[in-house]
Each structure stands twice: as structure tokens, then as C-alpha cells.
Amino acid sequence: MKIVFLGPPGAGKGTQAVNISKRYGIAHIATGDMLREHVRKGTELGKIAKGYMESGGLVPDDVIVGMIVQKLAEPECEKGCLFDGFPRNIKQAEALSEKVRIDAAVNIDVADDIIIDRLSGRRVCKDCGAVYHISNLGKDAKTCANCGGELIIRSDDNAETVKNRLKVYHEQTSPLIEYYKKQNVLVNVDGSKSVDEVFEEICSKVDKAIS
Ligand code: AP5
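Each residue of the sequence shown is one higher than the last, beginning at 52 in this note's numbering.
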């Protein structure tokens, strides 16, 4: 089973991907998380990616596609994969289609004004990557409920970078909605609802799409 998650930055792709990958027993492949790990470790790939990520631009396609091809060869991908944040443009989608057949492309639809509120209040655990929003955290919460790690603000969640990430999304990523619609695998989900409601909507629509 192969699922793609589409949607603007802050739509809730990562939040939902954790639970949806568990529900279907498939690997969660998040290119943003993989890139941040490379940056943190200071690898060659991380050195290339850092500047693009800090400005909100896309990391070059050859770097991303190479990373995905390597990942797909790992045993955890045998049962299936949920691609979170990949593909990001038509070229990446075409490269992916040469490797696997996509069963469902879930478009988590959220308006820009909601996105800005979500990203300005996002906190992530420095150690395990768990994602929170300040509206659900205690007033002075500074540690992760999962592992006790420090909660931080992602370096690309500042106002200027978010503006550019949204611009890049509308110009380069949103055409994928039409791309997957033409392939009859598009599933539209209202991402403005609560986390639980969005999860239920994704499950029922994906179940229908793969039946
Ligand atoms: P990436 O890490 O993929 O960032 P993104 O796509 O911008 O998405 P986010 O992680 O910001 O948001 P999300 O949709 O996962 O939302 P979340 O669940 O956290 O990419 C970062 C960078 O890496 C890119 O800019 C680019 O440079 C590079 N990159 C990555 N992939 C690439 C590729 N394929 N090609 C080239 N470059 C690439 O939720 C956000 C907040 O909202 C949280 O606080 C959460 O608690 C809250 N929230 C979630 N759902 C709800 C809900 N239903 N109601 C209320 N609050 C909610």
C-alpha cells in the first residue's frame, strides 16, 4: 500500500501521518524529518539542504529523489509506505511513479490564515520529533510529554520563511492535486477540522479508495 500526503505547510500532514501509518501498518517516510536529521548530523546532504530549508525553498530534486530511492530499498518499506512531504512538484511525482504505484493521494486542505496560526504556535520535541501546538500545552510547558525532551520552535517557522513556504507550495506543489486527480487516486480531506475528525475522514476515504 502506497499513500501520498499532499497539503500546505502546517496542514497537519505530520500529525496525521504518525497515526495513519500505524493504522495501516506501513512505513512513515517524511522527507522534511529526514532532511532535518541530515542537517543535525552535518552530513554532505545536510550541508546542501540547509540553506534551501532555512529560506523555505525546495531542496533540489536529485537530492530528494536519491534519498527516497535509498529509503524504498529498506525492509521497513516492504509492507507499504506513507509519503509525507514528498512529492513536492511534478518532477518528483514522475520520478516516484517510475518506482511505485500510488493507491491514494490524500490532499489535506487548509486555508492560509489557519496555516499561519498553526505554524506560529507549533512546538516540536528536539529529541523524538513529537509535534504540539501551544494552545494544547500548559502555559509554561517546555518538555515533551512523550520523552521529556526539550520543546523548540522549528527554525523555518518564522513569519518570513512561512510566507515563502506558502508561496512555493502554491506555485510548485499544489499542481499535484490535479496530477493525482487525473490518475483517479485523489482523496480530498477538510484539514480545518479537529485532529480526530481529520483522522476519521482520512481513514474512511482511504478505505473506500483502496477497496
Ligand atoms: P516539511 O518538514 O515537509 O514541512 P512542511 O511540508 O512545510 O510541513 P510541516 O512539517 O511544516 O507541516 P505539517 O503539514 O506536517 O503540519 P503538522 O502536523 O506539523 O519540509 C520542511 C522543508 O524541507 C521544506 O520547506 C523544504 O525546504 C524541505 N523539503 C522537505 N521535503 C522536500 C521535498 N520533497 N522536496 C524538496 N524539499 C523538501 O502541524 C502543524 C501545527 O498544526 C502543529 O502545531 C500541530 O499540532 C497543529 N495541528 C495539526 N493538525 C491540526 C488540526 N487538525 N487542528 C488544529 N491544529 C492542528
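Even for Gly, the Cβ is constructed at its ideal location relative to N, Cα and C. All of these numbers come straight from a predicted model, not from anything done at the bench.
Would you mind sorting residue i into buried or exposed? The rule is 16 or more other CB atoms within 10 Å of its CB.
i           : result
residue 64  : buried
residue 102 : exposed
residue 221 : exposed
residue 159 : buried
residue 58  : buried
residue 179 : exposed
residue 107 : buried
residue 74  : exposed
residue 198 : exposed
residue 253 : buried
residue 76  : exposed
residue 62  : buried
residue 261 : exposed
residue 53  : buried
residue 138 : buried
residue 111 : exposed
residue 192 : exposed
Sort the options by Cα distance to residue i and report the nearest one.
i           : options               : result
residue 239 : 223, 183, 257 and 224 : 257
residue 100 : 92, 112, 86 and 91    : 86
residue 90  : 217, 184, 205 and 148 : 205
residue 145 : 105, 226, 190 and 171 : 226
residue 166 : 109, 208, 152 and 154 : 208
residue 259 : 176, 154 and 241      : 154
residue 125 : 116, 68, 78 and 82    : 78
residue 105 : 229, 83, 190 and 186  : 83
residue 243 : 147, 200, 177 and 161 : 161
residue 128 : 186, 230 and 72       : 72
residue 60  : 142, 163, 68 and 200  : 163
residue 116 : 148, 88 and 184       : 148
residue 51  : 186, 185 and 175      : Nothing about residue 51 can be read from this structure; the chain reaches only from 52 to 262.
Which whole-angstrom value is the C-beta distance of residue i and residue j, which I expect to be below 8 Å?
i           : j           : result
residue 114 : residue 150 : About 16 Å separates the two Cβ atoms, so there is no contact after all.
residue 202 : residue 195 : 6 Å
residue 223 : residue 140 : 5 Å
residue 173 : residue 182 : 7 Å
residue 156 : residue 217 : About 20 Å separates the two Cβ atoms, so there is no contact after all.
residue 122 : residue 80  : 6 Å
Indicate, with yes or no, if the ligand MG has a heavy atom lying under 7 Å from the CB of residue i.
i           : result
residue 245 : Absence of the ligand MG is noted for the structure shown, with the ligand AP5 being the only ligands found.
**Message:** Which complete alpha helix (DSSP H) runs does the segment 90–131 hold, if anything under 4 residues is left out?
**Reply:** Counting only runs of 4 or more, we get 95–106 and 112–123.
**Message:** Measuring CB atoms only, is the segment 82–99 touching the segment 211–223, in the sense that at least three cross pairs come out at less than 8 Å?
**Reply:** no
**Request:** Please go through the segment 154–223 and give each complete beta strand (DSSP E) segment of 3 or more residues, from N-terminal end onward.
**Result:** 155–160, 173–176 and 182–184
**Request:** Report yes or no: do three or more beta-carbon pairs, one from the segment 122–142 and one from the segment 241–256, lie closer than 8 Å?
**Result:** Contact between the segment 122–142 and the segment 241–256 is absent, because fewer than three Cβ pairs lie under 8 Å.
**Asked** Which ranges does the beta strand (DSSP E) cover as unbroken runs of at least 3 residues, wholly within the segment 220–250, from first to last along the chain?
**Response** 237–241
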